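Trainee: Each residue of the sequence shown is one higher than the last, beginning at 5 in the numbering used here.
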Amino acid sequence: MMVTNLISNPSAHVTLQPGEYTPITTIEKTPGTTYWCTVWLDVSGGSITVDNCPGTFSKSQRIGWPLTSTITNPMSLRYKVVSGSPTVKVWNMVMCELGEYQANKALLDGLYWFDGDTMPRA
5 MMVTNLISNP
15 SAHVTLQPGE
25 YTPITTIEKT
35 PGTTYWCTVW
45 LDVSGGSITV
55 DNCPGTFSKS
65 QRIGWPLTST
75 ITNPMSLRYK
85 VVSGSPTVKV
95 WNMVMCELGE
105 YQANKALLDG
115 LYWFDGDTMP
125 RA
């Protein structure tokens, strides 16, 4: 099974602003479809939460979470400040259908350097 990355520019460095939705793809989602989203998150100067992603983040790390779409809008990210005055960037982004990810989970999780930029894109 092939995994198609729905992120338009996976290796782009995107700066997020607190409380604002920032688009990370131009591809519309399909309502009712569950996606797997994973990004390299760079947080400095504080701690944050990311909408729909469990946990509080205060350092650079890869995060991932399933997301069931209720609207057709392109994927966007928003964070909320927990403490400090954080600067937040994301890159090396992957968004694919959850079934595609699960069918190839062992392979994808084993590619620690994987940036999503070499995947087929929608």
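For each residue, glycine too, the CB sits at the ideal point set by N, CA and C. The structure displayed is predicted, hence computed values, not measured ones.
1) Determine, using beta carbons only, whether leucine 20 and threonine 26 come nearer to each other than 9 Å.
2) Quick check on this structure: which residue in Asn96, Ser62, Leu102 and Ile52 has the alpha carbon closest to the alpha carbon of valine 86?
3) So within the segment 40-115, which uninterrupted alpha helix (DSSP H) runs reach at least 4 residues, ignoring any that extend past its ends?
4) Apply the 10 Å Cβ neighbour rule to threonine 72 and answer buried if 16 or more other Cβ atoms are within range, or exposed otherwise.
5) When you compare the CB positions of serine 62 and proline 90, do they come within less than 9 Å of one another, or not?
6) In chain order, what residues of the same chain lie with their CB nearer than 7 Å to the CB of serine 48, ignoring the 5 residues before and after it?
Mentor: With the structure as the only source:
1) yes
2) Ile52
3) 102-107 and 109-114
4) exposed
5) yes
6) Pro90 and Thr91
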